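Heads up: the sequence lines are chains P, Y, Z, X, E and F, in that order. The opening residue of the first sequence carries number 21 in the working numbering; numbering runs sequentially from there. The opening residue of the second sequence carries number 21 in the working numbering; numbering runs sequentially from there. The opening residue of the third sequence carries number 2 in the working numbering; numbering runs sequentially from there. The opening residue of the fourth sequence carries number 2 in the working numbering; numbering runs sequentially from there. The opening residue of the fifth sequence carries number 793 in the working numbering; numbering runs sequentially from there. The opening residue of the sixth sequence carries number 793 in the working numbering; numbering runs sequentially from there.
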Amino acid sequence: MKFAIQINEGPYTHQATDSAYHFAKAAIDNGHEVMRIFFYHDGVNNGTRLTTPPQDDRHIVNRWAELAKEHDLDLVLCVAAAQRRGIADADESKRNGKDADNIQEGFRISGLGQLIEAGIQADRLVVFGD
Amino acid sequence: MKFAIQINEGPYTHQATDSAYHFAKAAIDNGHEVMRIFFYHDGVNNGTRLTTPPQDDRHIVNRWAELAKEHDLDLVLCVAAAQRRGIADADESKRNGKDADNIQEGFRISGLGQLIEAGIQADRLVVFGD
Amino acid sequence: MSEGTVKQFLYVNRKAPHGTIYALESLEVVLIGAAFEQDVRLAFMDDGVFQILKGQDTNGIGTKNFAPTYNALGDYDINKIYVEKESLDERGLTEDDLMALTYEDEDDDWAEKSSISIVSRTEMADLIDSSDVMFNF
Amino acid sequence: MSEGTVKQFLYVNRKAPHGTIYALESLEVVLIGAAFEQDVRLAFMDDGVFQILKGQDTNGIGTKNFAPTYNALGDYDINKIYVEKESLDERGLTEDDLMALTYEDEDDDWAEKSSISIVSRTEMADLIDSSDVMFNF
Amino acid sequence: MAILHTVNKSPFDKNSLERAIGTAKEGSSVLLLEDGVYGAISGASSSAMVEDAMKTVKVYALGADVDARGIKGRVIDGIELVDYAAFVKLAAEHSQVQSWL
Amino acid sequence: MAILHTVNKSPFDKNSLERAIGTAKEGSSVLLLEDGVYGAISGASSSAMVEDAMKTVKVYALGADVDARGIKGRVIDGIELVDYAAFVKLAAEHSQVQSWL
């Protein structure tokens, strides 16, 4: 079965992103397809490479990036939400006249159409939020 | 009277930071002292210079920075909260082996002791959150 | 996107506007989604009914007033808006307190018609049951 | 910091642990704050009482289990912990369901004593009223 | 001096207002702000609780938040609308501020 | 096929569980996760509502979240504890997933 996942909250602050991770992993481990993980609202904060959690805690951002690399997942940060919250890739950074970017490799920034498309193409859209 | 303000939530997502801004401004305009504004939890996301809100919307980060410049305010981002959420100044970035930083000028990163100290020194601690 | 797929989309709006950004960013999805030619329905329940209350003016809090944008939904061919009666009742509201969201019916000489249907909680449950995708924010 | 100022600090804990980070980050403030030698009290009410429930094990959700850290509060001379009875009742809990948070009383030959007092909602209101600073997260 | 209790959540969604009212002692004040101003609506399921509280506690609502939500004409009689400057004044005049987040 | 309703909020704090149960039709399912698992507690003010719902709706709770919160011994009889793999299976077996955020 083809799943799409939407994540509305940032890492550490809400458990939503942890639940989504465990759900995505279980789906893959059980032979399902996760066609896209769409990060919306504060969810875009999952995609910054500048996080440094305590040594004894999970590294949520890296965990997503590793899962994506292993299973060729499509991790999409909503561009409008990302702009409001200060998540930028090199292109966005340049376009908005910024002197730095902070996106984690393995994520990409794209439009809300990617969420709609996921809703159309996936058999199930599962939302994790606050 | 001496006020300290604590902000627990990030910009745009929650109105907390807007309310805190209007409160701080009104306090200053009415002759009070705002001795410190302490950003905790997702509140640290108020301090990134990478945000690009829509043209017709307020720029929350810049608004803080301007208010701070005008009135010499002490805008403090909690270091532990900032590390978890990917907010870093040049020192933090270097210390944690990162290749970029994203703090907005006018904010500084410091420890939780700054909140405790504010609680002791201020006549009133007013908290804005979720 | 598979050509020709038309799904029953349901946007579930349960949160108050202004205090958090969910209502505004949800509306942005609805507007973008309109281009995808799906069968779109919007549900307003719980504090979500406050999103389409008349007379909202955000000047004093300095945030973006996105309430007028709901008026544009009709132009985007989004005209199936369901508001839960029990949620209105609990808040002391009636349909008259809501913005008059309308659309022009192309099958009826472009007559202006209301997009809003007031439904019971049971009908809302049926609506959820009959949808192919639920968007929650 | 004004030398010698001692204020009545009250940490108000009303949120459940694990689902959000507020409880964990609040506890970090309490631990840091212990060095400032103020008169510290912790209040647990509403879903906050779940923070100090026995037997929490976060292995399955993969998050940091900070519950054991509450046991260290006594060593930091934080031994005035107030738990609201009405909040326990509503959740079907009693004091026995809570972690046995204790401290060693230096004025009583280091006898181990409970740090927890179960108080009524009225007493909780008095506690808030008598505090100089309230920390809310 | 008495406490200023602030509530920023809708009473239809969360228990913060009920909780603040239940804890506010006679002579203290409750200020509704952000989504908390929905608690100022008359004729709603929350209104009786608020009206009852107003017998012993002074209730304020932030006018800017009331306007933003389009409920100015629905505010319970006796709830005083205040601006941010008055919010600051209330915070200064009360002994402390308790935010029911 | 019926809907899988998910609830991730404490019933003592928010109305999500009440709302999910009020909307879940006979034959559909409710999965409690994150702070939503507090709704699985027996002997609490929320228990009667859940037990009543269980006459027409199947209720599940995520075991990992139950363990994290130390409430394994308190779960209402008849609520089935599931792991993430079973959550995925439930999502696949129901017609859609409605998240009561």
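Positions of the beta carbon are idealized from the N, C-alpha and C atoms, including for glycine. Since this is a predicted model, take the numbers as computed values, not measurements.
Residue i bridges to which residues according to DSSP?
{"i": "Y852/E", "result": "L823/E, E872/E"}
{"i": "R54/Y", "result": "The residue asked about is misnamed: residue 54/Y is Val in this sequence, not Arg. F23/Y."}
{"i": "E125/P", "result": "F127/P"}
{"i": "T798/F", "result": "L823/F, S891/F"}
{"i": "Y104/Z", "result": "K114/Z"}
{"i": "E85/Z", "result": "V120/Z"}
{"i": "N14/X", "result": "F45/X"}
{"i": "F136/X", "result": "Y12/X"}
{"i": "V146/P", "result": "I25/P"}
{"i": "D40/Z", "result": "Q9/Z"}
{"i": "L54/X", "result": "L99/X"}
{"i": "T59/X", "result": "In the DSSP output, where bridge partners are listed per residue, T59/X has none listed."}
{"i": "T21/X", "result": "H34/P"}
{"i": "V867/E", "result": "I833/E"}
{"i": "K773/E", "result": "The displayed coordinates of chain E run from 793 to 893. Any statement about residue 773/E would go beyond what the structure contains."}
So residue i and residue j are in contact, right, with Cβ under 8 Å, and what is the actual spacing, rounded?
{"i": "W84/Y", "j": "G126/Y", "result": "7 Å"}
{"i": "Q39/X", "j": "K8/X", "result": "5 Å"}
{"i": "A860/E", "j": "G61/Z", "result": "6 Å"}
{"i": "A138/P", "j": "R56/P", "result": "5 Å"}
{"i": "N14/Z", "j": "A44/Z", "result": "6 Å"}
{"i": "P803/E", "j": "G831/E", "result": "4 Å"}
{"i": "W37/P", "j": "F148/P", "result": "As written in the sequence, residue 37/P is Thr, which differs from the Trp given in the question. Confirmed, Cβ separation roughly 7 Å."}
{"i": "R144/P", "j": "F58/P", "result": "Not a contact, Cβ separation roughly 13 Å."}
{"i": "A853/E", "j": "V842/E", "result": "Not quite, the Cβ-Cβ distance comes to about 10 Å (not below 8 Å), so this is no contact."}
{"i": "V880/F", "j": "H52/P", "result": "7 Å"}
{"i": "K81/Z", "j": "R42/Z", "result": "4 Å"}
{"i": "I119/X", "j": "V84/X", "result": "5 Å"}
{"i": "S116/X", "j": "T103/X", "result": "6 Å"}
{"i": "N70/Y", "j": "A120/P", "result": "Checking the sequence shown, residue 70/Y turns out to be Leu, not Asn. L70/Y to A120/P, Cβ: 7 Å. Contact."}
{"i": "L823/F", "j": "L882/F", "result": "6 Å"}
{"i": "D857/E", "j": "E885/E", "result": "The Cβ separation is near 20 Å, so there is no contact."}
{"i": "G862/F", "j": "K55/X", "result": "6 Å"}
{"i": "D805/F", "j": "K864/E", "result": "Contact doesn't hold; Cβ gap of about 29 Å is too wide."}
{"i": "V96/P", "j": "R128/P", "result": "6 Å"}
Any heavy atom of the ligand ATP closer than 6 Å to the CB of residue i?
{"i": "V874/E", "result": "With respect to the ligand ATP, the structure shown offers nothing to examine, as it has no ligands at all."}
Checklist line | Contact list for the region 33–58 of chain Y against chain P, Cβ threshold 9 Å | finding: T33
Notebook entry, point to check: Taking any Cβ of chain F, which residues in the region 91–125 of chain X have a Cβ under 7 Å from it, in chain order?
Noted result: E91, R92, G93
Check: Is there contact between the region 48–62 of chain X and the region 91–110 of chain X, where contact requires at least three CB pairs shorter than 8 Å?
Finding: yes
Check: So does the region 19–35 of chain Z actually touch the region 68–82 of chain Z, counting three or more Cβ pairs closer than 8 Å?
Finding: yes
Check: At a Cβ cut of 8 Å, what residues of the region 21–39 of chain Z count as close to chain Y, listed as they run along the chain?
Finding: T21, I22
Check: For the 8 Å Cβ check, are there 3 or more pairs between the region 843–854 of chain E and the region 79–93 of chain X?
Finding: no
Checklist line | Where the region 795–809 of chain F meets chain E: residues whose CB sits under 7 Å from a CB there | finding: D805, K806, N807
Margin query: Does the contact criterion of 3 or more C-beta pairs under 8 Å hold for the region 16–23 of chain Z versus the region 807–816 of chain F?
Written below: no
Checklist line | Any 3 or more C-beta pairs closer than 8 Å across the region 42–54 of chain P and the region 28–38 of chain Y | finding: no
Next item on the list: Answer yes if the region 814–822 of chain F comes into contact with the region 882–892 of chain E, meaning at least three C-beta pairs across the two stretches below 8 Å, and no otherwise.
Entry: no
Notebook entry, point to check: Just by C-beta distance, which residues in the region 105–134 of chain Y are closer than 9 Å to chain Z?
Noted result: none
Item checked: Sequence ranges, alpha helix (DSSP H) only - wholly within the region 54–102 of chain P, length at least 4 -> 80–91
Next item on the list: Inspect the CB distances between the region 130–150 of chain P and the region 97–116 of chain Y and report whether three or more fall short of 8 Å.
Entry: no
Next item on the list: Quick one: which residues of the region 70–91 of chain Y get their C-beta closer than 7 Å to a C-beta of chain Z? List them in chain order.
Entry: D76, D77, R78
Next item on the list: Below 7 Å between beta carbons is the criterion; list the residues of the region 92–104 of chain Y that meet it against any residue of chain X, in chain order.
Entry: A100, A101
Checklist line | Residues in the region 59–72 of chain Z having any Cβ partner in chain F nearer than 7 Å | finding: none
Checklist line | Residues of the region 846–875 of chain F whose Cβ lies closer than 9 Å to any Cβ of chain X, in chain order | finding: L854, G855, A856, D857, V858, D859, A860, R861, G862, I863, K864, G865, R866, D875
Next item on the list: Closer than 7 Å, Cβ to Cβ, to anything on chain E: give me those residues from the region 43–55 of chain Z, in chain order.
Entry: D47, D48, F51, L54, K55
Note to self: So if I threshold CB-CB distances at 7 Å, which residues from the region 821–833 of chain F count as touching chain X?
What the structure shows: E826, D827, Y830, I833
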